[in-house]
Amino acid sequence: THFGFQSVPKEEKEHKVYEVFENVASRYDLMNDVMSGGVHRLWKDHFMRQLSPMPGTKLIDVAGGTGDIAFRFLQYVGSQPSSHPQLQSQGGDEFDIKMPREVEAQAMLDVGKQKAREQGITSGMSWVQGNAENLPFPDCSFDAYTIAFGIRNCTDVQRVVDEAYRVLKRGGRFMCLEFSQVTNPVLRSVYDSYSFQVIPVMGQVIAKDWKSYQYLVESIRQFPDQEEFADMIRSSGFRMVTYENLTFGVAAIHSGFKL
Ligand code: SAM
């Protein structure tokens, strides 16, 4: 009973991905906490510290989902001493976040917007629906591009990175946080048992949705390893491409610059 994502046509895969996030949206944040034991929060915090954006940075956070990266960005930038004191009092107004979503599950978007309301964020953020493979923005628009746990869901990964390159300004930075490959064989077998046997069961029990979580596990296994993905980033034209493993390679942060 494989989900068979690799063998289906592009539109069909996109539709299935859409359905997955439509189904999990209301429990998405909770499931992230439960399945990772809260570790995804630490990964995302670290990811934002690695980016260390300055006030005024124009960020595009693609596949933004319920907004975890965007909220961290606003918080990080807001906590930095501004080099333009006259802008400081404007709060979030000087920041412009775009969060394109493909056929983004409306439910994911609603959860994110609700979170923004709860945090009292009324400006500095725009929620834009789009496709990571075909972003609705002109060339050279952003200082930074982030994508967290999103690129794995896209049909044409190379095209997504090409698009990132296109919308970034010269000097702009691409940063991707994504599940990756655990290389240590012992840890890998532990991780494999956990993910293949435990994750779908937890998905069934907590979200009443075995298939979406089986898809999650399969899509992680099918994603290129650290080196392969770094090569794809270089192929798009990025320079100074590096990566950092998180938790033994369960996840990795890839970075590159458009020079
Ligand atoms: N970045 C968030 C986080 O780290 O929690 C959400 C990640 S969630 C696993 C993946 C998101 O990517 C979903 O909200 C989904 O709707 C969106 N998505 C899937 N395919 C996409 C595509 N081709 N273009 C843009 N967004 C896409």
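Sequential numbering of the sequence shown, starting at 45, is according to full-length UniProt numbering. A virtual CB, placed ideally from N, CA and C, is assigned to each residue, including glycine.
Between the Cα of residue i and those of the options, spot the shortest distance and give me the residue it belongs to.
{"i": "H84", "options": "T291, S299, A107", "result": "T291"}
{"i": "D187", "options": "A69, P97, K88", "result": "P97"}
{"i": "D269", "options": "D253, R210, E288", "result": "E288"}
{"i": "S224", "options": "A296, D154, E271, I104", "result": "A296"}
{"i": "V211", "options": "K60, V106, M79", "result": "V106"}
{"i": "R265", "options": "G108, F91, S170, V226", "result": "V226"}
{"i": "G109", "options": "K157, V121, F181", "result": "K157"}
{"i": "Y257", "options": "V78, E55, P53, K54", "result": "V78"}
{"i": "R71", "options": "E63, I250, T199, K102", "result": "I250"}
{"i": "Q150", "options": "G111, E66, F301", "result": "E66"}
{"i": "P182", "options": "V68, I104, F273, E55", "result": "I104"}
{"i": "D200", "options": "K252, M276, G215, C184", "result": "M276"}
{"i": "M75", "options": "V242, E272, S123", "result": "V242"}
{"i": "G122", "options": "T101, G111, D112", "result": "T101"}
{"i": "E58", "options": "G293, G168, Y259", "result": "Y259"}
{"i": "F301", "options": "F240, R214, P99", "result": "R214"}
{"i": "I191", "options": "T166, I113, F117, E262", "result": "I113"}
{"i": "V155", "options": "S239, A69, R93", "result": "A69"}
{"i": "F273", "options": "L303, W87, S299, P180", "result": "S299"}
If you reduce the DSSP assignment to three classes, tell me which class residue i lands in.
{"i": "N289", "result": "strand"}
{"i": "G109", "result": "coil"}
{"i": "K54", "result": "helix"}
{"i": "S170", "result": "strand"}
{"i": "K213", "result": "strand"}
{"i": "K252", "result": "coil"}
{"i": "N67", "result": "helix"}
{"i": "K60", "result": "helix"}
{"i": "L179", "result": "coil"}
{"i": "I165", "result": "coil"}
{"i": "L131", "result": "With a pLDDT of 26 at L131, under the threshold of 50, the predicted position of this residue should be treated as unreliable, though the coordinate-derived value follows. Correct three-state label for L131: helix."}
{"i": "V261", "result": "helix"}
{"i": "P229", "result": "helix"}
{"i": "G156", "result": "helix"}
{"i": "G136", "result": "Bear in mind that the predicted position of G136 carries a pLDDT of just 31, short of 50, making it too unreliable to give a figure here."}
{"i": "G81", "result": "coil"}
{"i": "Q94", "result": "helix"}
{"i": "V245", "result": "helix"}
{"i": "D269", "result": "coil"}
Closer than 8 Å: is that where the CB of residue i sits relative to any heavy atom of ligand 1?
{"i": "A274", "result": "no"}
{"i": "residue 329", "result": "Past the boundaries of the shown model lies residue 329; the chain is included only from 45 to 303, so the question cannot be answered."}
{"i": "N197", "result": "yes"}
{"i": "I250", "result": "no"}
{"i": "A176", "result": "yes"}
{"i": "G81", "result": "no"}
{"i": "N76", "result": "yes"}
{"i": "Y120", "result": "no"}
{"i": "Y72", "result": "yes"}
{"i": "Y209", "result": "no"}
{"i": "Y62", "result": "yes"}
{"i": "A107", "result": "yes"}
{"i": "I113", "result": "yes"}
{"i": "V205", "result": "no"}
{"i": "E56", "result": "no"}
{"i": "T286", "result": "no"}
{"i": "L221", "result": "yes"}
{"i": "M152", "result": "yes"}
{"i": "H84", "result": "yes"}
Is the beta carbon of residue i within less than 8 Å of some heavy atom of ligand 2?
{"i": "F301", "result": "Annotation note on ligand 2: not contained in the displayed structure, which lists ligand 1 as its ligands."}
What are the residues that DSSP puts in a beta bridge with residue i?
{"i": "M219", "result": "T190, S299"}
{"i": "R283", "result": "F301"}
How about the region 174-193 and the region 156-166: do they share at least three Cβ pairs that are nearer than 8 Å?
no
Kindly confirm or deny that the region 217-228 and the region 178-195 touch, where touching means at least three C-beta pairs closer than 8 Å.
yes
State whether the region 229-239 contacts the region 197-211, with contact taken as three or more CB pairs (one from each stretch) at a distance under 8 Å.
Verdict: no, contact absent.
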